[in-house]
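Participant: Per our numbering: the sequence shown ends with 368, consecutive numbering throughout.
C-beta: ideal position from N, C-alpha, C; glycine also.
If you scroll down you'll find the structure; I have some questions about it.
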Amino acid sequence: MTTNPNLKALSEAGVSIWLDDLSRQRISSGNLAELITDKAVVGVTSNPTIFANALSNAADYNGKVRELAARGASVDDTVRELTTTDVRDAADIFRNVYESTGGVDGRVSLEVDPRLAHDTDRTVAEAVDLWKAVDRPNLMVKIPATLAGLPAITRVLAEGVSVNVTLIFSVQRYREVMDAFLAGLEQAKANGHDISQISSVASFFVSRVDTEIDKRLAKISGGDRLRGKAAIANARLAYAAYEEMFGTERWKALEAVGAKPQRPLWASTGVKDPAYSDTRYVDELVAPNTVNTMPEATLKATADHADLRGDTVRGTGPAAQQVFDELAAIGIDLDDVFAVLEREGVEKFDKSWAELLQTVSEQLAQAE
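Structure follows, in structure tokens:
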């Protein structure tokens, strides 16, 4: 693995480094394999925005698109074929990591169609279809933590499918996600599945929380003193909730028959505000049994100049709660913040999916 001291230290502290990007170019050039050996990357995540960007580079997909056009494939079928092929090939690249870590890492995530975010039954059907289409044990199917997504998470896990729960913004919703995870494992066990083979992460979004709350603080007298504190405090409170949930008797009963805990995954760790250190959402969120999924710019910055000080999360719950108490006291409506972030997150992926469909439609037309 890497000899980079920062990435090595991060891994040794219990943080799994996953890349928040995937494309045909990364796979075919050998870049993805190089990141495993040179940058301690042990997993990869994708989402509709990532695929929209990847497929906008038509040259990487021309041959496959021509082949699909000749078969008369629809736009939706073409998108499914292109994305599942990339994920399957990436899963093969990470297969050794998957096996060497006992299935903890080496994971590749693929998201359900974001247009289904508020439809439980169709989300379940889509997730199971994607699991079968990719046909790799190190796949994780991404399901958003919307109200409709929560029962879908349980039902998909109950089918033996590994799940990456995405678009989590609040600690309360995160608690509901963990409950859905435990219920899913309990049902999977009852259904006869080997629950030691089922894996899950809970993607807790970070930087977008600062972006939204900082914007609101700018309109409040005295708000500057809390600027940039919300996202890290929110994530630290989430980790405290994780420690609480996975110390319960309910969890211990599942662990006794081989279950792996659902790890917190820090998502949206690229810094949006240039006034902040570009590694702040890495440096301040170091804790055992976590994942940090990084855009490549954040990965490079971490390797170059991260300010790693060991565990920066455990034991910080009371101080984090104080930040939230102060935010509420000066008039920040936290429930509204999280509702806005969830709605905007779904809308952003909806927009990216529409762009993806338009790009592929044009590519199919040109290939005819």
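1) Label Ser74 either buried or exposed according to how many other C-beta atoms from any shown protein chain fall within 10 Å of its C-beta, with 16 as the threshold for buried.
2) So what's Lys428 in DSSP terms, helix, strand or just coil?
3) Indicate the three-state DSSP secondary structure (helix, strand or coil) for Asn164 in the structure shown.
4) Assuming Ser199 and Lys260 form a contact by the criterion Cβ under 8 Å, report the distance between their Cβ atoms to the nearest whole angstrom.
5) Helix, strand or coil, according to DSSP, for Thr359 in the structure here?
6) Once you ignore the five residues that flank Thr211 on each side, which residues in its own chain have a CB closer than 8 Å to its CB?
7) Compute the distance between the beta-carbons of Thr120 and Pro151, then report whether it is under 7 Å.
8) Do Arg309 and Asn289 have their C-beta atoms within less than 7 Å of each other?
9) When you compare each of Phe169, Asn164, Gln363 to Trp131 by their alpha carbons, which one comes out closest?
10) Taking only three categories from DSSP, how would you classify Arg136?
11) Would you mind working out which of Ser56, Ile213, Pro137 sits nearest Asp336, comparing C-alpha positions?
12) Looking only at its own chain, which residues have a Cβ that is under 8 Å from the Cβ of Asp283, when we skip the five neighbours before and after it?
13) Bridge partners for Asn292 per DSSP, in chain order?
14) Out of Ala320, Val286, Thr302, which one is the CA nearest neighbour of Thr279?
15) Would you call Lys229 buried or exposed, if buried means 16 or more other Cβ atoms sit within 10 Å of its Cβ?
16) For Gly43, count the other beta carbons within 10 Å of its own beta carbon; 16 or more makes it buried, fewer makes it exposed. Which is it?
17) Which class does Lys142 belong to by DSSP, given the choice of helix, strand or coil?
18) Leaving aside the five residues before and after Leu116 along the sequence, list all residues of the same chain whose C-beta is less than 7 Å from its C-beta, in chain order.
19) Could you give the residue range of the beta strand (DSSP E) that holds Ser200?
20) Counting beta carbon pairs with one atom in the stretch 56-72 and one in the stretch 96-108, are three or more of them shorter than 8 Å?
21) In this structure, how does DSSP classify Val337 when only helix, strand and coil are distinguished?
22) By a C-beta neighbour count over all protein chains shown, 10 Å radius and 16 as the cutoff for buried, is Ser375 buried or exposed?
23) Which residues bound the alpha helix (DSSP H) around Gly149?
24) Do you know how far the Cα of Asp60 is from the Cα of Val177?
25) Return the chain-ordered ranges of every beta strand (DSSP E) run that is complete within the stretch 76-136 and spans a minimum of 3 residues.
26) Who are the near neighbours of Val206 in its chain, counting only those whose CB is closer than 6 Å to its CB and skipping five residues on each side?
27) Could you pull out every residue in the same chain whose Cβ sits closer than 8 Å to the Cβ of Met294, ignoring the five residues on either side in sequence?
28) May I ask which residues mark the beginning and end of the alpha helix (DSSP H) holding Gly63?
29) Suppose the cutoff is 7 Å on Cβ atoms and the five residues either side in sequence are ignored; what does the same chain contact list for Arg95 look like?
30) Is the CB-CB distance between Ala320 and Ala241 below 7 Å?
31) Residues in its own chain within less than 8 Å of Arg84 by CB, not counting five upstream and five downstream?
32) Taking the alpha carbon of Phe338 as the reference point, which residue from Arg173, Ala70, Ala275, Leu182 has its own alpha carbon closest?
33) So Thr49 and Val346 are in contact, right, with Cβ under 8 Å, and what is the actual spacing, rounded?
34) Spatial neighbours of Gly223 within its chain, please: CB distance less than 7 Å, with the 5 preceding and 5 following residues excluded, ordered by chain position.
35) Could you round the C-beta distance between Gly184 and Leu157 to whole angstroms and report it? I think they count as a contact, below 8 Å.
36) To which residues does DSSP link Val41 through a beta bridge?
Facilitator: If we stick to the structure as given:
1) exposed
2) The question about residue 428 has no answer here: the residues shown for the chain are numbered 1 through 368.
3) strand
4) 6 Å
5) Residue state, collapsed to three classes: helix.
6) Lys272, Asp273
7) Yes.
8) no
9) Asn164
10) coil
11) Ile213
12) Ser277, Ala306, Asp307, Leu308, Arg309, Thr312
13) Ile17, Trp266
14) Thr302
15) buried
16) buried
17) strand
18) Contacts found: Arg122, Thr123, Glu126.
19) Its beta strand (DSSP E) spans residues 200-205.
20) no
21) helix
22) Since the first residue of the chain shown is 1 and the last is 368, residue 375 is not available in this structure.
23) 149-158
24) In this structure, the alpha-carbon of Val177 lies about 37 Å from that of Asp60.
25) 107-111
26) For Val206, the CB contacts under 6 Å within the same chain, skipping 5 residues up- and downstream, are Ala231, Ala235, Trp266, Ser268, Thr269, Tyr281 in chain order.
27) Ile17, Trp18, Leu19, Asp20, Thr269, Gly270, Val282, Thr302
28) First-last of the alpha helix (DSSP H) with Gly63: 62-70.
29) Gly106, Asn138
30) For the 7 Å CB-CB criterion, Ala320 and Ala241 do not form a contact.
31) In the sequence as presented, Arg is not what sits at residue 84; that position holds Thr. Here the set comprises Leu110, Leu130, Ala133, Val134.
32) In terms of Cα proximity to Phe338, the closest of Arg173, Ala70, Ala275, Leu182 is Arg173.
33) With 8 Å as the limit, Thr49 and Val346 do not qualify as a contact, their Cβ atoms being about 12 Å apart.
34) Leu217, Ile330
35) 3 Å
36) Ile17
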